[in-house]
Amino acid sequence: MKVPLSWLKDYVDIDLPVHQLAEKMTLAGLEVTKTEHVGEWWDREKILVGQVLQVERHPNADRLLLADVAYGGEAPLRVVTGAPNLLPYLGAPEPGPKVVFALVGAVLIDGYDPARKRKKLKASKIRGIPSMGMVCSERELGLSDEHSGIIILPEDAPVGMPLVDYLGDTVFDIDITPNMARCLSMTGVAREVHALLETPLHIQWPKVKPASLSYTAGDKVNVVIEDSDLCQRYTATLLENVQIGPSPFWMARRLSLAGMRPINNVVDITNYVMLEWGQPLHAFDYDKLVARAGGGKPTIIVRRARPGETMRTLDGVDRELTEDMLLICDIAGPIAIAGVMGGEETEVMPGTANILLESATFEYINNRQTAQALRLPSEASYRFSRGIPAGMVVPAAQRAAELMATSAGATVVPAMVDTYPVPQETRVVEVTPQRIQKLLGADIPPEKMVAILQRLDFSVEAEKPLIANSLLRCTVPWHRLDVSIPADIVEEVARVWGADRLPERLLPTTLPPQRHNWVLEAEEFLRDLLVGAGLQDIIPYPLTSLEHCSRLHPDGPAPDPADYVRIANPLTPERSVMRHTLLVSLLETVQYNLRYSERLAMFEIGRIYLPLPSGRAEEPHRLGIIMVGPRQVPAMGVDDAGKLFTFADLKGVLELIFRRLGMQDVIFLPTSHPTFGPQVTAIRQGKREIGVAGVLHPLVREAFGLSQLPVLLAELEIPPLVEAYQKPLQLRPISTFPPIVEDLALVVAANLLAGDVKAALRKAGAPLLREVELFDVYQGEGIPPGKKSLAFHLTFQSMERTLKDKDTAKLRQKILRQLKKSLGAELRR
Amino acid sequence: MDELNDLARLEREALSALQTATEQASLDAWFGRYLGRKGAVTLAVRRVGSLPKEDRPAYGQAVNQLRKRLEAALAQQGETIKEAALAAEMETGAFDPTLPGRLPNVGRVHLSNRTLREIYDIFRQLGFQIYDAPEVESDEYNFELLNIPAGHPARDMWDTFYTTTPGYLLRTQTSPGQIWAMREYAPEPIRVILPGKCYRYEQVTARSEMMFHQVEGLVVGENITMADLKGTIVAFVRQMFGQERKLRFRFSHFPFTEPSVEVDMDCILCGGKGCRVCKYTGWLEIMGAGMVHPTVLRNAGYDPEHYSGFAFGMGPERIAMMKHGIDDIRYFFSNDVRFLSQF
Ligand SMILES: [Zn+2]
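Chains as they are written, first to last, in the working numbering: chain A, 1 to 829; chain B, 1001 to 1343.
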């Protein structure tokens, strides 16, 4: 909402410097986001109000004129101009219009420069005649882009006055929150300023003088409200013999400053009243209504649309109307969509003589839905959809009638038709000062509260004597729709009192019962662990596309949309479903980053989204890891430069996690998975599958446009990790006796898993065999085909005594016997 | 006596061999060859018994002196070698401290998560707990229970992603978490923060994201006042941004709080003088807050006649942008390594 201060000052006195006023309004909930100083750069000495004394034709150019301009200097100056709106004054004996005159040396906007740069005006000769200054257009002063003619000022403009004093202004741009809809008007803002500054308010009730006629509006039009749930009040004012033409300068000027383009006096008056009172108005061509009524008395009918009804709105579009849309109709059908847009057929045109002016209030939620459904946002529906008090309807109609009479020559037909089936209730809110004090934590004196409320136009009946627990009966002013409960009163008091005057207090030291957030704590632990292990923490969008999801299953069926939480109104198809797996997000992120870096090692701790029949989603947490490229950042002195990440690097990270969480029961088993190639493992804890890890399937890699490098990927469920995190790690006793380390190489079937052999070793060697570490896998010379050799370091240690060689020799025999029996293992010789 | 000549020869040979020993290992070998159990000097000592009686004293004395001289020479040579080794170790000529170091591979915690941690830490000190809530939400929780009925103009404040199930959406704010927390805790007092991802139907630009994090705070109890709200926020901001920060509370509107305020902090870049970042106002908006609306308290199971509360919400990305001079929010979720690796 743009508020020119010169306009605001019509209704309230302002005794503060502009920036202090802006600050005060901002703190009280009317955020001034911009302060524009119109004319700030106009030179006081060189840009002045002038008057054209006489206009002659340029002797050497048909299209140019010579104008003698008085500007307060000793003698008038002659300028050469092409302004077409000076043509009517050509050769006239009387002095011409008041204009804006710029002397040589003034800085003006160059009207012909597309960049609208400012330039110093130079003395010049045009077709042989010297031009001693310039008469200016709006564009040259930065007032608007209008450049087809020069500015014609009102007749009473004082010649010689610096233009900045005459037309300069300050315009606040105010961000109006929904609860402040009343401030979508100058009078509404003025009431707030009055409450804040405690300066006098002079909002004047319109003084409309109806013509003395033998008939009233009621003789000329009927109004019927059929759907009073959507239209609380409808008034029709009849204005006859309207002369449509340009608006007076002051009105056009104020509309421009407020950001609305002046059109003609009738349109401008409806806009002006809307900006002044916040009440949108609509003008119908009365004679067209009479014609539609077959020459008789028209009847305005306010009702919902009927099935299949259509109407052409004044933008020339045929609109299909639905049954929940409120219409303004006559007996022939719809003539406007209530509070949204008028119909083309009854539109006011240049030849219109008689006007029926609608001032009404429509139910705000319904109005908003209609405007949204038709995609017809407008200044009018913006206000209707925030609620207009029924009490606003009449003063706005009267103000418009007053202006139509003074500025459009209209005859105001006496007694508007006022149909008001649902009177606005007067609301009373009861509250004690104590309650206000308690919620704000501030000892605001009760009499100050009462004064604040009264300045806001509440009438307050207080129990006497006025103390903290006296009951205040606050009657809400007719122009406020946003106050209905005590909290609203608290807010009013607080706003005007000022938040900076409220004390600051720390919360009591007694805490509510404390609970752990184990998930968050475990996740933060994992985050630190993985960062320390060289992986980058990432946060990708959980939104992806079915197409990307399908890439994870190169051979499988297309993903079923029903399995996904889908977005009904996605911004782009790439972000239209919620992911089922972190793998897709990891791959998207790597795809993006491989442009910048050949080595990527990343992880995400995030949610996946599984739709539930209710419409909600199950949102389990997962950990995803991705690694691609060289193991080491290539650098001087890095030994294994060029060696790529392999499955062992990924598994090492996973083992690190399980070790740090004390998860000794996790095993890795061969599996198959459509997203992975042959190197893939299921990760199990006991019987529970908790994740998958492996080398990405080459076709998936290709589908994501990744290079030929192997991509290592893993995804783990978070809950088992959280469970483990919650359990304190238990000490494994440390023996004080020396260990004996021996090597053992076994020849086993080539397809036997090293993990199984290791587990069998542990079992056979327990409890003296404390550690088993595989250090070599060998196939080839000396090993029969179909077999492989696995070499282990075995660490034997007792808690009770020093082991002797003969202890381990015995144990070794037992181990070999058992492994031969269970796995067919032979000692390698 | 020829034997004495033999000794002289042995001495010459041993001393010249010693000169060529320049490291500890060759000294050890030299010792074995001359002074060890089977060394030449030891054998020479044993020859005493085979000599005529009258020659024995002279020979014995000579061989003993030889032994002493060789031992002394050995010790001397040992010293020389040690000094040479020390001198070699202390040689600095080739050292260049400007050669690059060999960095261990470490990752970084994502800047959003880092900022979230800072926020958690401060609120933990203030006795807050951390509470989780779902991202796929119902219209009821995200809007209606928060006093934003369907069709209400306040709904324009949130551009929403709806799911294909009518009545469900991606939460536009962490505020529905207030309802979850209150319904779980009622009638206990509450002091929690609710962090998480939120989504808005907004074109992604340098200034706006379709996804971002929010941290909601909620305090409910029997005597919670706006003064508590101010005190808590001031304590948080001064810990997060520095004790010298100035704050400004200006009234605003959120449907789920009343009164509602926006909290501005003096611009950390220009110190309040006005710059591009603060749009020449000298202030940076850092959070919205307010007293929990009685309707919301009632909807979530607390009687507003007896309980009151305050709530606030802030954006960690916005905070991180202010703190670290970041001018494009898109860096956060494109996960550009050139960005992530800087923090
Ligand atoms: Zn600044």
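Even for Gly, the Cβ is constructed at its ideal location relative to N, Cα and C.
Chain B contact for E832 (chain A) (CB, 7 Å cutoff): Only positions 1 to 829 of chain A appear in the structure, and residue 832 (chain A) is not among them; the question remains open.
8 Å contact criterion, which L66 (chain A) and V80 (chain A) should meet: CB distance rounded: Within the first sequence, residue 66 (chain A) is the residue found at index 66, counting from 1. Within the first sequence, residue 80 (chain A) is the residue found at index 80, counting from 1. Contact holds; Cβ gap of about 6 Å.
Stretch pair the region 511-525 of chain A + the region 459-467 of chain A: three plus CB contacts closer than 8 Å: no
Neighbour flag for D1228 (chain B) against chain A, beta carbons, 7 Å: Taking the first residue of the second sequence as 1, we reach residue 1228 (chain B) at position 228. By this cut-off, D1228 (chain B) is an interface position.
6 Å CB neighbourhood of I129 (chain A) in its chain, flanking five on each side removed: As a first step, residue 129 (chain A) is located in the first sequence; it is residue number 129 there, counting from the start. Within the same chain, I129 (chain A) has close Cβ partners V80.
Assigned exposure category for V223 (chain A) - 16 Cβ within 10 Å defines buried: As a working mapping, residue 223 (chain A) is identified with position 223 in the first sequence. V223 (chain A) is buried by the Cβ-count criterion.
Neighbouring residues, chain A, relative to F1251 (chain B) (Cβ below 8 Å): On the second sequence, residue 1251 (chain B) is found 251 positions in, with the first residue counted as 1. Correct list: L27, A28, G29, E491, A494, R495, A499.
Buried versus exposed, by CB contacts within 10 Å (16 or more), V348 (chain A): Locating residue 348 (chain A) in the first sequence gives position 348, counting from the first residue. Under this definition V348 (chain A) is a buried residue.
Three-state secondary structure (DSSP) of R1207 (chain B): Within the second sequence, numbered from 1, the residue matching residue 1207 (chain B) stands at position 207. DSSP places R1207 (chain B) in coil when its eight states are reduced to three.
Contact test: L1247 (chain B) Cβ vs ligand 1 heavy atom, cutoff 6 Å: The count along the second sequence starts at 1 and reaches residue 1247 (chain B) at position 247. No, ligand 1 has no heavy atom inside 6 Å of this Cβ.
Backbone secondary structure at K438 (chain A) - three-state DSSP: Numbered from 1 along the first sequence, position 438 holds the residue referred to as residue 438 (chain A). Three-state result, K438 (chain A): helix.
Heavy atom of ligand 1 within 6 Å of V1277 (chain B) beta-carbon: Numbered from its first residue, the second sequence carries residue 1277 (chain B) at position 277. Answer for V1277 (chain B): yes, Cβ within range of ligand 1.
Neighbour list for D649 (chain A) in chain B, Cβ cutoff strictly below 7 Å: Along the first sequence, one-based indexing puts residue 649 (chain A) at 649. What D649 (chain A) touches in chain B: nothing, since even the nearest Cβ is about 11 Å away.
Paired residues, beta bridge with F1212 (chain B) - DSSP: The residue labelled residue 1212 (chain B) in the question sits at position 212 within the second sequence. In DSSP, F1212 (chain B) forms a bridge with B:C1198.
Residues of the region 421-450 of chain A whose Cβ lies closer than 8 Å to any Cβ of chain B, in chain order: K438, L439, L440, G441, A442
Nearest neighbour of V834 (chain A), chosen from A:M449, A:L230, A:V266, A:Q279 [CA to CA]: Beyond the ends of chain A as shown, which are 1 and 829, falls residue 834 (chain A); an answer cannot be given.
Separation of D563 (chain A) from L610 (chain A), as counted between CA atoms: Your numbering for residue 610 (chain A) matches position 610 in the first sequence. Your numbering for residue 563 (chain A) matches position 563 in the first sequence. Going from the Cα of L610 (chain A) to the Cα of D563 (chain A) covers about 7 Å.
Chain A contact residues for H973 (chain B), given Cβ-Cβ distances below 9 Å: Only positions 1001 to 1343 of chain B appear in the structure, and residue 973 (chain B) is not among them; the question remains open.
Supposed close pair G615 (chain A), L582 (chain A) - CB separation, criterion 8 Å: In the first sequence, the residue the question calls residue 615 (chain A) occupies position 615. In the first sequence, the residue the question calls residue 582 (chain A) occupies position 582. Incorrect: roughly 23 Å between the Cβ atoms, too far for contact.
Residue-level contact to chain B via CB, V565 (chain A), 7 Å cutoff: One-based indexing of the first sequence puts residue 565 (chain A) at position 565. Cβ-Cβ to chain B under 7 Å: yes for V565 (chain A).
Cβ-Cβ distance between F1161 (chain B) and I567 (chain A) below 7 Å: Against the second sequence, residue 1161 (chain B) aligns to sequence position 161. Against the first sequence, residue 567 (chain A) aligns to sequence position 567. Yes, Cβ-Cβ distance for F1161 (chain B) and I567 (chain A) is below 7 Å.
DSSP three-state assignment for W1158 (chain B), whether helix, strand or coil: Stepping through the second sequence from its first residue, residue 1158 (chain B) is reached at position 158. Coil, per DSSP.
Outcome for R254 (chain A) when other beta-carbon atoms lying within 10 angstroms are tallied against a minimum of 16: Locating residue 254 (chain A) in the first sequence gives position 254, where the first residue counts as 1. Result: buried.
Pair within 7 Å by beta-carbon distance, S137 (chain A) and H147 (chain A): Position 137 of the first sequence, counted from the first residue, corresponds to residue 137 (chain A). Position 147 of the first sequence, counted from the first residue, corresponds to residue 147 (chain A). The answer is yes: Cβ separation under 7 Å.
Any non-hydrogen atom of ligand 1 within 6 Å of V136 (chain A) CB: Translated into positions along the first sequence, residue 136 (chain A) becomes position 136. What sits at residue 136 (chain A) in the sequence shown is Cys, not Val. No, the Cβ of C136 (chain A) stays beyond 6 Å of every heavy atom of ligand 1.
7 Å Cβ cutoff, L654 (chain A) in contact with chain B: Taking the first residue of the first sequence as position 1, residue 654 (chain A) is located at position 654. It does not: the Cβ of L654 (chain A) has no partner Cβ on chain B nearer than 7 Å.
Chain-order list of residues whose beta-carbon lies under 7 Å from that of G691 (chain A) (same chain, five-residue window excluded): As a first step, residue 691 (chain A) must be located in the first sequence, where it is residue number 691. Hits under 7 Å: I683, A714, E715, L716, E717.
Euclidean distance between Cα positions of G1271 (chain B) and G1282 (chain B): Counting from 1 along the second sequence, the entry for residue 1271 (chain B) is found at position 271. Counting from 1 along the second sequence, the entry for residue 1282 (chain B) is found at position 282. Each residue's Cα considered, the two are about 7 Å apart.
contact_flag[the region 1103-1120 of chain B, the region 1153-1172 of chain B] where n(CB pairs < 8 Å) is 3 or more: no
Near ligand 1: L1269 (chain B) beta-carbon under 6 Å from a heavy atom: Taking the first residue of the second sequence as 1, we reach residue 1269 (chain B) at position 269. Flag set: Cβ of L1269 (chain B) near ligand 1.
Inter-residue CB distance, L289 (chain A) and L357 (chain A) (contact presumed, cutoff 8 Å): For the purposes of this step, residue 289 (chain A) is taken as the residue at position 289 of the first sequence. For the purposes of this step, residue 357 (chain A) is taken as the residue at position 357 of the first sequence. Not confirmed; about 12 Å, so no contact.
CB contact below 7 Å: F1333 (chain B) versus chain A: As a working mapping, residue 1333 (chain B) is identified with position 333 in the second sequence. Closer than 7 Å: yes.
Minimum Cβ-Cβ distance from V1261 (chain B) to chain A less than 7 Å: Taking the first residue of the second sequence as position 1, residue 1261 (chain B) is located at position 261. Yes, contact with chain A.
Nonlocal neighbours in the same chain, by C-beta distance under 6 Å from L77 (chain A), ignoring five residues either side: The residue labelled residue 77 (chain A) in the question sits at position 77 within the first sequence. If we look at L77 (chain A) and ignore the five residues flanking it on each side, its Cβ neighbours are V69, M132, G133.
Neighbour flag for Y541 (chain A) against chain B, beta carbons, 7 Å: Within the first sequence, the letter at position 541 stands for residue 541 (chain A). It does: the Cβ of Y541 (chain A) has a partner Cβ on chain B nearer than 7 Å.
Identity of the residues DSSP links to L696 (chain A) by a beta bridge: By 1-based counting over the first sequence, the position of residue 696 (chain A) is 696. According to DSSP, L696 (chain A) bridges with A:F676.
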